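A.B. asks: Numbering-wise (UniProt numbering), the sequence shown opens with residue 1 and increments by one. Built from N, CA and C at the ideal position, the CB exists for glycine as well. Model, not experiment: these values are computed from the prediction.
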Amino acid sequence: MPGLLRVLLLLACLPAQGAWALQLQLEARGLHAQARAVSERLLEDSLARLPPSFRQRLAGPVSVRWSTTLPDEAFARADAWRAHIELNARLLPALLADPQQPARGRHASLELELQATVLHELAHLYDRARYWTPAERRLHRRCRQQLASLGAVGLPGECRGQTARRYTLSDHPRLLDLAGWPQAVGQRGAREAFNGQQARSVDRYELSHPREFFAVNFEHFLLDPQYACRRPSLAALFAEHFAWQPPRQAACAKGLAYLNAGSDFARAPLARLDPARLYRVDYLLAEGNQQWASRFGHSMLRLVLCAPGRAPGEDCLLDVEHHLVLSFRAYVDDVQLSSWGGLSGAYPSRLFVLPLAQVIDEYTRVELRSLQSVPLRLSAGQRLALLTRALEQHWSYDGRYFFISNNCAVETLKLLRSGTADPRLADLDSLLPNGLLQLLVARGLADPSALAEPREAERLGYRFASYRERYTQLFAGLQADWGLPYGQVEDWLDAPPTQRQAWFARASLRQSAALLVLEQAARRRLLLRVQDELKQRYLSESPEALAPLGEGLQRLLQQSGFLSRPAELLGTQGYGLPQDEEWQRLAEHSAQRQAQLQQLAGQLDAALLQLLDPAQRAELAAQDANLRELSAQLRRLQRGAGGLRL
Numbered sequence: 001m002p003g004l005l006r007v008l009l010l011l012a013c014l015p016a017q018g019a020w021a022l023q024l025q026l027e028a029r030g031l032h033a034q035a036r037a038v039s040e041r042l043l044e045d046s047l048a049r050l051p052p053s054f055r056q057r058l059a060g061p062v063s064v065r066w067s068t069t070l071p072d073e074a075f076a077r078a079d080a081w082r083a084h085i086e087l088n089a090r091l092l093p094a095l096l097a098d099p100q101q102p103a104r105g106r107h108a109s110l111e112l113e114l115q116a117t118v119l120h121e122l123a124h125l126y127d128r129a130r131y132w133t134p135a136e137r138r139l140h141r142r143c144r145q146q147l148a149s150l151g152a153v154g155l156p157g158e159c160r161g162q163t164a165r166r167y168t169l170s171d172h173p174r175l176l177d178l179a180g181w182p183q184a185v186g187q188r189g190a191r192e193a194f195n196g197q198q199a200r201s202v203d204r205y206e207l208s209h210p211r212e213f214f215a216v217n218f219e220h221f222l223l224d225p226q227y228a229c230r231r232p233s234l235a236a237l238f239a240e241h242f243a244w245q246p247p248r249q250a251a252c253a254k255g256l257a258y259l260n261a262g263s264d265f266a267r268a269p270l271a272r273l274d275p276a277r278l279y280r281v282d283y284l285l286a287e288g289n290q291q292w293a294s295r296f297g298h299s300m301l302r303l304v305l306c307a308p309g310r311a312p313g314e315d316c317l318l319d320v321e322h323h324l325v326l327s328f329r330a331y332v333d334d335v336q337l338s339s340w341g342g343l344s345g346a347y348p349s350r351l352f353v354l355p356l357a358q359v360i361d362e363y364t365r366v367e368l369r370s371l372q373s374v375p376l377r378l379s380a381g382q383r384l385a386l387l388t389r390a391l392e393q394h395w396s397y398d399g400r401y402f403f404i405s406n407n408c409a410v411e412t413l414k415l416l417r418s419g420t421a422d423p424r425l426a427d428l429d430s431l432l433p434n435g436l437l438q439l440l441v442a443r444g445l446a447d448p449s450a451l452a453e454p455r456e457a458e459r460l461g462y463r464f465a466s467y468r469e470r471y472t473q474l475f476a477g478l479q480a481d482w483g484l485p486y487g488q489v490e491d492w493l494d495a496p497p498t499q500r501q502a503w504f505a506r507a508s509l510r511q512s513a514a515l516l517v518l519e520q521a522a523r524r525r526l527l528l529r530v531q532d533e534l535k536q537r538y539l540s541e542s543p544e545a546l547a548p549l550g551e552g553l554q555r556l557l558q559q560s561g562f563l564s565r566p567a568e569l570l571g572t573q574g575y576g577l578p579q580d581e582e583w584q585r586l587a588e589h590s591a592q593r594q595a596q597l598q599q600l601a602g603q604l605d606a607a608l609l610q611l612l613d614p615a616q617r618a619e620l621a622a623q624d625a626n627l628r629e630l631s632a633q634l635r636r637l638q639r640g641a642g643g644l645r646l
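In structure tokens, the structure reads:
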């Protein structure tokens with residue numbers, strides 16, 4: 001009994017729980033009463049902003065004093081070894097005079113700016129203290145042991161970025177993915193040095209280093225009620241880490257704003273995307289062709305969105321006109337496209353949001369490449385997180401395109417990794433679009449079963465066949481009927497229009513329909529060839545007659561840049577995902593720029609016709625005459641067969 005009494009007395013003498021929490025202690029020497037009161041209120045208000053778990057982990061006293069030794073541009077400095085923070089004394093007179101006066105930083109008032117400064121420096125102290133959970137410590141220890149015994153090659157995916165951790169959060173693989181320092185492809189977890197999230201930054205200082213990124217975003221997480229609306233992925237990470245959310249949360253904009261980069265300049269590009277309409281995400285692969293830049297295909301993601309009012313389900317696959325495509329592409333604002341520029345990172349890499357119908361037409365009709373749409377095995381939460389992350393990248397990312405090391409496949413993989421946080425992606429590396437699909441299938445992330453039967457896959461919208469297959473079938477039928485003196489369909493399409501026209505008169509209704517489809521394909525090929533010839537003339541000779549064309553193309557390319565970098569419409573206003581207060585400016589500026597694009601495109605079309613040489617004009621005229629003749633012939637044969645009048 002005496003022993004138990006002693007234990008109870010010892011427990012009674014222990015300090016209260018709050019004494020083991022964080023304490024901010026003002027060094028008040030030299031401060032008059034008002035300065036002391038204002039300073040203590042600043043520290044109390046800052047302390048009240050912190051998550052309870054933060055205050056419990058960073059337990060003990062942290063001294064704070066006003067210092068005259070800091071540079072003018074510095075607000076504060078922290079010393080982790082002494083648990084000490086210095087504030088710039090030059091700011092104290094202004095704080096005493098009017099705490100609500102505007103500050104030179106991102107926050108609304110000087111008082112809030114100084115609170116943010118205190119929170120920023122506390123974040124550095126917390127980050128350096130290595131507050132890891134027991135599970136994290138066990139993982140670090142196990143990964144270091146495996147590194148010592150197996151080497152970097154033998155490390156499992158969960159150990160990527162875990163063997164040399166030094167900070168609580170700023171070197172956490174998940175934070176680095178969201179912060180814009182992703183894994184460099186083929187480097188076994190090493191991070192890229194360049195941060196491509198250059199647009200819509202909350203503070204340019206965040207891009208200087210991951211430690212500053214964490215501190216800057218932590219202060220905004222605590223102080224900005226809109227932070228979870230503007231940077232939802234990071235807000236979710238902080239909320240999970242601290243098991244807490246700031247009490248003041250703003251109502252977010254309804255839907256996620258984006259700019260549709262489609263080629264229909266008559267259509268307003270600005271739109272909102274309701275995440276509740278997302279049914280599925282597919283890996284969309286444009287199959288390769290014989291051109292060196294396209295040999296291994298092109299990686300994209302397809303957002304299977306349901307029509308408004310339709311409940312998510314298989315029927316949403318039919319709503320093709322609502323589906324969107326996320327496509328990382330090199331943005332080229334110069335008519336003199338350089339292969340060396342693509343290899344050396346001269347062009348920005350940006351995330352384009354495109355209508356699926358345009359992508360299908362671009363690849364299957366124009367480039368004669370098939371598309372595979374392979375469903376990704378993602379949970380509902382992963383799909384929503386991926387969509388949110390994609391729109392964050394749409395507004396913030398302006399990276400560098402490298403044909404080898406940062407191409408469409410690499411960018412798509414980085415988006416999948418940061419968007420889903422799926423551990424199966426942690427150690428996945430691929431430089432090739434078709435190779436990435438194979439790896440996704442092997443890891444169980446993609447389901448190729450829907451493409452097992454090609455015809456059924458086409459019917460259900462899992463495969464979009466190249467029109468080359470259709471053209472080949474139509475040409476084979478005509479060749480069997482007439483014994484055409486052409487080896488393959490491309491020879492027929494590239495033949496002079498007058499040679500093809502000589503066969504029209506003998507065509508039946510079925511044959512006329514086949515000829516019309518082939519003639520439309522021939523016209524598309526002719527236009528592409530003429531455009532390429534004009535470009536080559538411009539690049540090689542650059543005659544004065546072509547100067548207006550080059551200037552017009554340059555203006556069109558530069559004016560269209562906002563479709564892939566929408567942040568330029570808002571300048572320095574706001575950060576992250578746009579909210580309602582920015583919508584009106586977005587709507588006005590995007591409509592103005594789109595109208596300019598439509599006008600420029602019309603002027604260029606007219607200029608192109610004037611710049612054609614006589615032979616090209618004659619060929620285009622003969623091509624158009626062929627289309628008119630076949631259309632009239634088809635209508636005549638249709639009426640003669642007793643069908644509907646076309």
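Is the CB of residue 411 under 8 Å away from at least one CB in chain B?
C.D. replies: Absence of chain B from the displayed structure is noted, only one protein chain being present.
A.B. asks: Within this structure, are the beta carbons of residue 391 and residue 303 separated by less than 8 Å?
C.D. replies: On the sequence shown, position 391 is the one that residue 391 refers to. On the sequence shown, position 303 is the one that residue 303 refers to. The answer is no: Cβ separation not under 8 Å.
A.B. asks: Whole alpha helix (DSSP H) runs in the segment 90-153 with 4 or more residues, listed along the chain?
C.D. replies: 92-97, 110-128 and 134-150, all fully within the segment 90-153.
A.B. asks: Quick check: the segment 363-372 against the segment 278-290, are there 3 or more CB pairs under 8 Å?
C.D. replies: The answer is yes - the segment 278-290 touches the segment 363-372, with three or more Cβ pairs under 8 Å.
A.B. asks: Taking the alpha-carbon positions, what's the residue 271 to residue 431 distance?
C.D. replies: The residue given as residue 271 occupies position 271 in the sequence shown. The residue given as residue 431 occupies position 431 in the sequence shown. Taking the straight line joining both Cα atoms gives about 33 Å.
A.B. asks: Please name the residue in 125, 112 and 65 whose C-alpha comes closest to that of residue 29.
C.D. replies: One-based indexing of the sequence shown puts residue 29 at position 29. The residue with the shortest Cα to Cα distance from residue 29 is 65.
A.B. asks: At 3 residues or longer, what runs of the beta strand (DSSP E) sit wholly inside the segment 340-405?
C.D. replies: List check, beta strand (DSSP E) in window: 347-355, 371-375 and 399-401.
A.B. asks: Kindly indicate which three-state DSSP category residue 155 falls into: helix, strand or coil?
C.D. replies: If you number the sequence shown from 1, residue 155 lands on position 155. Coil, per DSSP.
A.B. asks: Going by DSSP, name the residue or residues bridged to residue 282.
C.D. replies: Within the sequence shown, residue 282 is the residue found at index 282, counting from 1. DSSP lists 302 and 375 as partners of residue 282.
A.B. asks: Short of 7 Å in beta carbon distance, which residues of its chain neighbour residue 89, apart from the five on each side in sequence? Order them along the chain.
C.D. replies: What you label residue 89 is simply residue 89 of the sequence shown in a count that begins at 1. Within the same chain, residue 89 has close Cβ partners 66, 67 and 68.
A.B. asks: Excluding the five sequence neighbours on either side, which residues of its own chain have a C-beta within less than 7 Å of the C-beta of residue 598, listed in chain order?
C.D. replies: Locating residue 598 in the sequence shown gives position 598, where the first residue counts as 1. 265 and 266, listed in sequence order.
A.B. asks: Rank 528, 495, 534 and 479 by C-alpha distance to the C-alpha of residue 514 and give the top, closest one.
C.D. replies: In the sequence shown, the residue the question calls residue 514 occupies position 514. Minimum Cα distance to residue 514 is reached at 479.
A.B. asks: With C-beta atoms as the reference, is residue 259 less than 8 Å away from residue 578?
C.D. replies: Numbered from 1 along the sequence shown, position 259 holds the residue referred to as residue 259. Numbered from 1 along the sequence shown, position 578 holds the residue referred to as residue 578. Cβ distance not < 8 Å, so residue 259 and residue 578 don't count as in contact.
A.B. asks: Counting Cβ pairs closer than 8 Å, one from the segment 80-89 and one from the segment 140-153, do we hit at least three?
C.D. replies: Flag = no, the segment 80-89 and the segment 140-153 do not touch.
A.B. asks: What is the C-beta distance between residue 497 and residue 591, in whole angstroms, given that I count them as a contact (C-beta under 8 Å)?
C.D. replies: Walking along the sequence shown from the start, residue 497 turns up at place 497. Walking along the sequence shown from the start, residue 591 turns up at place 591. Between residue 591 and residue 497 the Cβ distance is about 40 Å, and since that is not below 8 Å, they are no contact.
A.B. asks: For residue 249, which of helix, strand or coil comes out of DSSP?
C.D. replies: Taking the sequence shown and counting its residues from 1, the one referred to as residue 249 is at position 249. Residue 249: coil per DSSP, three-state reduction.
A.B. asks: Run the CB neighbour count on residue 364, radius 10 Å, all protein chains shown included, and call it buried at 16 or more, exposed below.
C.D. replies: Mapped onto the sequence shown, residue 364 falls at position 364. That one is buried.
A.B. asks: For the beta strand (DSSP E) containing residue 60, name the first residue and the last one.
C.D. replies: One-based indexing of the sequence shown puts residue 60 at position 60. 60-67 is the extent of the beta strand (DSSP E) around residue 60.
A.B. asks: Using only alpha-carbon positions, find the residue among 276, 570, 172 and 571 that is nearest to residue 418.
C.D. replies: Counting from one through the sequence shown, the residue named residue 418 turns up at place 418. Answer by Cα proximity: 172.
A.B. asks: Helix, strand or coil: which one does DSSP assign to residue 573?
C.D. replies: Position 573 of the sequence shown, counted from the start, is the residue given in the question as residue 573. DSSP places residue 573 in coil when its eight states are reduced to three.
A.B. asks: Once DSSP output is grouped into helix, strand and coil, what is the label at residue 169?
C.D. replies: Here residue 169 corresponds to residue number 169 of the sequence shown, with the count starting at 1. Residue 169 falls in the coil class under three-state DSSP.
A.B. asks: List the endpoints of the continuous beta strand (DSSP E) containing residue 257.
C.D. replies: Position 257 of the sequence shown, counting from 1, holds the residue named residue 257. First-last of the beta strand (DSSP E) with residue 257: 256-259.
A.B. asks: Would you call the segment 485-499 and the segment 511-530 in contact, with 3 or more CB pairs under 8 Å?
C.D. replies: Counting Cβ pairs under 8 Å, three or more are found: they touch.
A.B. asks: What residue range is occupied by the uninterrupted beta strand (DSSP E) comprising residue 407?
C.D. replies: Here residue 407 corresponds to residue number 407 of the sequence shown, with the count starting at 1. Where residue 407 is concerned, there is no enclosing beta strand (DSSP E), given that its DSSP letter is neither H nor E.
A.B. asks: Below 8 Å, how does it come out for the segment 187-199 and the segment 391-403: are there three or more Cβ pairs, yes or no?
C.D. replies: In short, these stretches touch, since the Cβ pair count reaches three.
A.B. asks: Within 10 angstroms of the Cβ of residue 276, are there 16 or more other Cβ atoms? Answer buried if so, exposed if not.
C.D. replies: Against the sequence shown, residue 276 aligns to sequence position 276. Exposed, since its Cβ has fewer than 16 Cβ neighbours within 10 Å.
A.B. asks: Indicate the three-state DSSP secondary structure (helix, strand or coil) for residue 84 in the structure shown.
C.D. replies: Position 84 of the sequence shown, counted from the start, is the residue given in the question as residue 84. In the structure shown, residue 84 sits in a strand (DSSP, three-state: E or B).
A.B. asks: Is the segment 407-415 touching the segment 443-458 in the sense that three or more CB pairs, one from each, lie closer than 8 Å?
C.D. replies: Segments in contact, no.
A.B. asks: Using C-beta distances below 8 Å, list every residue in its chain close to residue 76, excluding the 5 sequence neighbours before and after it, in chain order.
C.D. replies: Here the question's residue 76 lines up with position 76 in the sequence shown. Taken in chain order, the residues that qualify are 70, 85, 86, 87, 88, 117, 118, 120 and 121.
A.B. asks: Report yes or no: do the segment 311-328 and the segment 351-363 share at least 3 C-beta pairs separated by less than 8 Å?
C.D. replies: At 8 Å Cβ cutoff, the stretches touch.
A.B. asks: Run through DSSP, which three-state label would residue 334 get?
C.D. replies: The sequence position of residue 334 within the sequence shown is 334, counting from 1. Bear in mind that a pLDDT of 42 at residue 334, under 50, signals an unreliable position, so the number given afterwards is only what the model happens to contain. Here residue 334 sits in coil by DSSP.
A.B. asks: Are the beta-carbon atoms of residue 175 and residue 163 separated by less than 8 Å?
C.D. replies: Taking the first residue of the sequence shown as position 1, residue 175 is located at position 175. Taking the first residue of the sequence shown as position 1, residue 163 is located at position 163. No. Outside cutoff.
A.B. asks: What's the call for residue 360, buried or exposed, on a 16-neighbour Cβ count within 10 Å?
C.D. replies: Position 360 of the sequence shown, counted from the first residue, corresponds to residue 360. Looking at its Cβ environment, which holds 16 or more other Cβ atoms inside 10 Å, residue 360 is buried.
A.B. asks: Can you tell me the Cα-Cα spacing of residue 115 and residue 132, whole angstroms?
C.D. replies: Position 115 of the sequence shown holds residue 115. Position 132 of the sequence shown holds residue 132. Roughly 26 Å separates the two Cα atoms.
A.B. asks: From what residue to what residue does the beta strand (DSSP E) around residue 79 run?
C.D. replies: As a position in the sequence shown, residue 79 is number 79, starting the count at 1. That run of the beta strand (DSSP E) goes 76-79.
A.B. asks: Rounded to whole angstroms, how far is the Cβ of residue 433 from the Cβ of residue 409, which I believe are closer than 8 Å?
C.D. replies: One-based indexing of the sequence shown puts residue 433 at position 433. One-based indexing of the sequence shown puts residue 409 at position 409. Contact holds; Cβ gap of about 4 Å.
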